[in-house]
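Have a look at the structure below, then the notes.
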Amino acid sequence: ARAALGKRNLILVGLMGAGKSSVGRIVASQLGIPFIDTDNEIERVSRMTIPDLFAAYGEQEFRALEARVIKRILRGGPRVVSTGGGAFINERSRRFIKKGGLSVWLKADLDVLWERVNKRDTRPLLRTENPKQTLENLMNQRYPIYAEADLTVLSRDVRKEKMANEILAAVA
Ligand code: S3P
Numbered sequence: 072a073r074a075a076l077g078k079r080n081l082i083l084v085g086l087m088g089a090g091k092s093s094v095g096r097i098v099a100s101q102l103g104i105p106f107i108d109t110d111n112e113i114e115r116v117s118r119m120t121i122p123d124l125f126a127a128y129g130e131q132e133f134r135a136l137e138a139r140v141i142k143r144i145l146r147g148g149p150r151v152v153s154t155g156g157g158a159f160i161n162e163r164s165r166r167f168i169k170k171g172g173l174s175v176w177l178k179a180d181l182d183v184l185w186e187r188v189n190k191r192d193t194r195p196l197l198r199t200e201n202p203k204q205t206l207e208n209l210m211n212q213r214y215p216i217y218a219e220a221d222l223t224v225l226s227r228d229v230r231k232e233k234m235a236n237e238i239l240a241a242v243a
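Under the UniProt record's numbering, the letters of the sequence shown match residues 72 to 243, in that order.
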C-alpha cells in the first residue's frame, strides 16, 4: 500500500512489543521531523510512570489522559508519533488519530511480540498469571480494530531499519 504523508503526522499503532517506538524514531530521523512517544509524554506531563498511573487512577483515567495528550501532540505536527498499544483501541483516541494523520499498524505475531515484551516488566496489563495468554487475548480483541489503520506493515523478527524502510517506502 502507498499513501502520501505530506504535512500530516505519521502515527504508529499496534500492540506492545511491535517496535513502534524504535521504528518510529528511525522513520522520524529519516523524514527529518520530530519523533514523540505518547507514553513518554504522558509520563512527563503527569510526572508519574505508566505503572504508577494505572495503579493510582486505573485504566479508565489513564485512557482519558492518553486521549488528551494524543489530541495535543497531533495538533503540533508534522511528527512521527508512537502510541501506547491501547490508544487506537480507545474510541476517543482513535478519532483523534484518524483525523490527525496517517496511521500505520505495526502488525506482529504473538511470538515476536512475546520475545520483545518478555524482557521488560513495565506493562501493567501484562501483570497477570499467564502474561503470554493475556497478550494473545489482547491480539484477538484488538487486531480487528488495528486493521482500521490506514496502512499495515508486518513487524517480523527483522532489523528495525528494515521495517522503517518499509514504512518510508509506503509513504514516500
Ligand atoms: C498499553 C500499552 C503500553 C502503555 C500501557 C497500556 C496497552 O504502551 O500505554 O501500558 O493497553 O496495550 P506500549 O504499547 O508502548 O507498551
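Beta carbons are placed, not taken as given, at the ideal position from N, Cα and C, and that holds for glycine.
Sub-8 angstroms separation of residue i and residue j beta-carbons
| i | j | result |
| --- | --- | --- |
| GLN131 | ALA235 | no |
| ARG150 | ILE107 | yes |
| LYS178 | VAL229 | no |
| LYS231 | ILE104 | no |
| THR109 | ALA158 | yes |
| GLY147 | ARG79 | no |
Residue range of the beta strand (DSSP E) that includes residue i
| i | result |
| --- | --- |
| ASN80 | 80 to 84 |
| LEU173 | 172 to 178 |
| PHE125 | First-last for PHE125: 121 to 146, but that is the alpha helix (DSSP H), not the beta strand (DSSP E). |
Residue i: first and last residue of the uninterrupted alpha helix (DSSP H) it sits in
| i | result |
| --- | --- |
| GLY95 | 91 to 102 |
| ILE160 | Counting along the chain, ILE160 falls outside any alpha helix (DSSP H), and DSSP gives it neither H nor E. |
Tell me the start and end of each unbroken beta strand (DSSP E) in the segment 206 to 238 that is at least 3 residues and wholly inside, in chain order. 222 to 225
For the structure I just gave you, are there three or more beta carbon pairs, one from the segment 177 to 191 and one from the segment 80 to 88, closer than 8 angstroms? yes
Is it the case that the segment 115 to 130 contacts the segment 169 to 177, given that we only count it when at least three CB pairs across the two stretches are under 8 angstroms? no
Is it true that the segment 151 to 169 meets the segment 78 to 85, where meeting means three or more beta-carbon pairs spaced less than 8 angstroms apart? yes
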